[in-house]
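Protein chains in written order, with numbering that gives the first Met the number 0: chain Y, 0 to 225; chain S, 0 to 225.
Backbone N, C-alpha and C define an ideal beta-carbon position, used for all residues, glycine too.
There are 2 protein chains.
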Amino acid sequence: MVELSGQPQDILKPAGLSRIQEKNRSLILEAALGEFSKKGFSGATVEKIAADAGMSKSNLLYYFSSKEAIYNATLAHILEVWLAPLKTLKPDGEPAQELAAYIRQKIEISARFPEASRLFANEVIQGAPQILPILQTDLKRLVVEKCKVIESWIAAGKMRRVDPVHLIFTIWATTQHYADFSVQIMALTGRDLSDPAFQAETELAVTSLILNGAGLDWPPEEDRTE
Amino acid sequence: MVELSGQPQDILKPAGLSRIQEKNRSLILEAALGEFSKKGFSGATVEKIAADAGMSKSNLLYYFSSKEAIYNATLAHILEVWLAPLKTLKPDGEPAQELAAYIRQKIEISARFPEASRLFANEVIQGAPQILPILQTDLKRLVVEKCKVIESWIAAGKMRRVDPVHLIFTIWATTQHYADFSVQIMALTGRDLSDPAFQAETELAVTSLILNGAGLDWPPEEDRTE
DNA sequence: GTGTGATTTGACCAAATGGTCAAGATGCAA
DNA sequence: TTGCATCTTGACCATTTGGTCAAATCACAC
Numbered sequence: 000m001v002e003l004s005g006q007p008q009d010i011l012k013p014a015g016l017s018r019i020q021e022k023n024r025s026l027i028l029e030a031a032l033g034e035f036s037k038k039g040f041s042g043a044t045v046e047k048i049a050a051d052a053g054m055s056k057s058n059l060l061y062y063f064s065s066k067e068a069i070y071n072a073t074l075a076h077i078l079e080v081w082l083a084p085l086k087t088l089k090p091d092g093e094p095a096q097e098l099a100a101y102i103r104q105k106i107e108i109s110a111r112f113p114e115a116s117r118l119f120a121n122e123v124i125q126g127a128p129q130i131l132p133i134l135q136t137d138l139k140r141l142v143v144e145k146c147k148v149i150e151s152w153i154a155a156g157k158m159r160r161v162d163p164v165h166l167i168f169t170i171w172a173t174t175q176h177y178a179d180f181s182v183q184i185m186a187l188t189g190r191d192l193s194d195p196a197f198q199a200e201t202e203l204a205v206t207s208l209i210l211n212g213a214g215l216d217w218p219p220e221e222d223r224t225e
Numbered sequence: 000m001v002e003l004s005g006q007p008q009d010i011l012k013p014a015g016l017s018r019i020q021e022k023n024r025s026l027i028l029e030a031a032l033g034e035f036s037k038k039g040f041s042g043a044t045v046e047k048i049a050a051d052a053g054m055s056k057s058n059l060l061y062y063f064s065s066k067e068a069i070y071n072a073t074l075a076h077i078l079e080v081w082l083a084p085l086k087t088l089k090p091d092g093e094p095a096q097e098l099a100a101y102i103r104q105k106i107e108i109s110a111r112f113p114e115a116s117r118l119f120a121n122e123v124i125q126g127a128p129q130i131l132p133i134l135q136t137d138l139k140r141l142v143v144e145k146c147k148v149i150e151s152w153i154a155a156g157k158m159r160r161v162d163p164v165h166l167i168f169t170i171w172a173t174t175q176h177y178a179d180f181s182v183q184i185m186a187l188t189g190r191d192l193s194d195p196a197f198q199a200e201t202e203l204a205v206t207s208l209i210l211n212g213a214g215l216d217w218p219p220e221e222d223r224t225e
């Protein structure tokens, strides 16, 4: 028994995917994100994920060989979206504009994909058992690179001297906080990022705090109305 | 069978606790904090907690009637420590000093009790099923009160106009981030808050970012060396 | 020391759950 | 239509796990 094209793959999707496979994998990953982000890895059940995806548990296990495989696929699926914004920091831009754009993107993502944020937070809080290697290689490389960008801005006298890595951590912490702790935010303010007005207010508050903290003018002089 | 003093209580400890009870409850809560923070509620097992506490599962269930009871007791146990720093914000102090002191305390707690931070984060991320009522009442009251303090500083022209609640969220987010995401911090910097030098560096970076962002002078003029 | 209640434990149970498997249903190319 | 591979599922299994219980042990007041 050769079984060349039989079992669908777990994480990689090597091009050859039937329409049905494409659709079902997508349904599963969507359901899995909801469950894993809500209950954590241990709290989520394969049965519930399958039900949410509209299929039997057996069928789900036909597409992913184990619960852990679903989890890893889900993580892989969101990781790219998650790290994308940082890549857009351009050295030749003005620091205020660049950082503001970065913060805006991070908040936008927190607003649009809060479940992904919570899944990521869960994973890291519990020791990043699955994605630690990625943090140590890809993310580390990216952060080092962007720290140099910030350093260059500082060296050029364009912004106050701040530790770049702490600046990045602060941006991550604040922007993700609004997604991860949205229940607490809601309990305290009655609103969260799903409210566009609250999102705008948050973006302004966070951006102006951090940018001014970094010695940058924000909002830009010409934009101010009052 | 009256059983007046038989079963120890779950959450409340109504004074009357034998030496043995005191000690065992304490051992259990310590072990439970370790497990729950590491694995989450579902991932933790009563058996493992009992083993860590040096007793049998049956014995643990003699002290706490259920896994959920242990969890709630653990949460209650850390909650006070968790919320204490905010209470120290004094309206009559100077905003820079008060906020700096608050941030210092929060970071200190993140450094000393990272597991408590992660447990709290886990609970809130998953919807705060146990402590939502507390967030909505006690914490809300406290936050409203402290927002007024910040408002008064703004009204007195002592600091820039910032949304108080977002300022508080930013402080929570940044300080807790270093505990909750310590694995990621370690992966990226090779250090975390358990290193006193890193703690000092973090405190300076976070405090100066946020305070300057709020239009406050930090570090204070007279303290600067360079 | 003795007795009584507090403490401790191993044996045990029922439910939940991840995963297997063989059989059936379905889609599709010839 | 036919044949084959893909897809789907219910029945089933082994393990884990939260929790119960009766019996044994221990602490200590008298």
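Query, Result
"Cβ-based contacts, 8 Å cut-off: residues of the stretch 100-121 of chain S near chain Y", "Arg117, Ala120 and Asn121"
"Test item: CB-CB of Leu118 (chain Y) and Leu32 (chain Y) under 9 Å", "yes"
"For Pro13 (chain Y), three-class secondary structure by DSSP", "Residue confidence is low: Pro13 (chain Y) scores 45 on pLDDT, short of 50, so the model does not pin down where it sits. Its coordinate-derived value is still stated next. If DSSP states are grouped into helix, strand and coil, Pro13 (chain Y) belongs with coil."
"Nearest-angstrom beta carbon gap, Val148 (chain Y) and Pro90 (chain Y) [assumed within contact, 8 Å]", "5 Å"
"Backbone CA spacing between Glu46 (chain Y) and Leu59 (chain Y) [nearest angstrom]", "9 Å"
"Chain-ordered neighbours of Trp81 (chain S) on chain Y, where CB pairs are closer than 9 Å", "Near Trp81 (chain S) there are no residues of chain Y at all, since even the closest Cβ is about 12 Å away, more than 9 Å."
"Option in S:Lys145, S:Gly53 and S:Ala127 with minimal Cα separation from Lys37 (chain Y)", "S:Ala127"
"Touching by the beta-carbon criterion (3+ pairs, under 8 Å), the stretch 159-176 of chain S and the stretch 195-215 of chain Y", "yes"
"Pairwise C-alpha distance: Arg111 (chain S) and Ser193 (chain S)", "8 Å"
"Identity of the residue in S:Gly39, S:Glu202, S:Pro218 and S:Gly212 nearest Arg103 (chain S) by Cα", "S:Glu202"
"Alpha carbon of Thr87 (chain Y) to alpha carbon of Ile106 (chain Y), nearest angstrom", "15 Å"
"Spatial distance of Leu28 (chain S) from Ile184 (chain S) (CA atoms)", "27 Å"
"Check whether Ala52 (chain S) and Asn23 (chain S) have beta carbons under 9 Å apart", "yes"
"Check whether Glu34 (chain S) and Ile48 (chain S) have beta carbons under 9 Å apart", "yes"
"Per-residue DSSP class, three states only, for Ser64 (chain S)", "coil"
"Anticipated Cβ contact below 8 Å, Phe40 (chain S) with Gly42 (chain Y), distance rounded", "7 Å"
"Close-in-space but distant-in-sequence residues of the same chain around Leu26 (chain S) (CB under 6 Å, 5 per side omitted)", "Ala52"
"Cβ-Cβ separation, Thr174 (chain Y) to Ser109 (chain Y) (assumed contact under 8 Å), whole Å", "5 Å"
"Residue range of the alpha helix (DSSP H) that includes Met185 (chain S)", "Ser181 to Thr188"
"Gly212 (chain S) classed as buried or exposed, judged by whether at least 16 other C-beta atoms fall within 10 angstroms", "buried"
"9 Å Cβ cutoff, Tyr70 (chain S) in contact with chain Y", "no"
"For Asp216 (chain Y), three-class secondary structure by DSSP", "coil"
"The alpha helix (DSSP H) enclosing Val142 (chain Y), as first and last residue numbers", "Lys139 to Ala154"
"Per-residue DSSP class, three states only, for Val205 (chain S)", "helix"
"Beta-carbon gap between Pro94 (chain S) and Met158 (chain S) smaller than 9 Å", "yes"
"Amino acids of chain S, ordered along the chain, whose beta-carbon sits closer than 8 Å to that of Glu200 (chain Y)", "Asp162 and His165"
"Ser116 (chain Y) versus Tyr177 (chain Y): straight-line alpha-carbon distance, rounded", "10 Å"
"Burial state of Asp191 (chain Y), where buried means 16 or more other Cβ atoms lie within 10 Å", "buried"
"Test: Thr73 (chain S) CB closer than 9 Å to a CB of chain Y", "no"
"Asp179 (chain S) at chain Y interface by Cβ criterion, 9 Å", "yes"
"Ala72 (chain Y) versus Leu82 (chain S) - alpha carbon distance", "37 Å"
"Proximity to Gln129 (chain Y) [Cα-Cα], best of Y:Leu74, Y:Trp152 and Y:Gly214", "Y:Leu74"
"Residues that Ser65 (chain S) contacts on chain Y, provided the C-beta gap is smaller than 8 Å", "Neighbours of Ser65 (chain S) on chain Y: none; closest Cβ ~16 Å, over 8 Å."
"Rounded straight-line distance, which links the Cα of Ala154 (chain S) to that of Pro218 (chain Y)", "21 Å"
"Classification of Ser65 (chain Y) by the beta-carbon crowding that lies within 10 angstroms, buried from 16 upward", "exposed"
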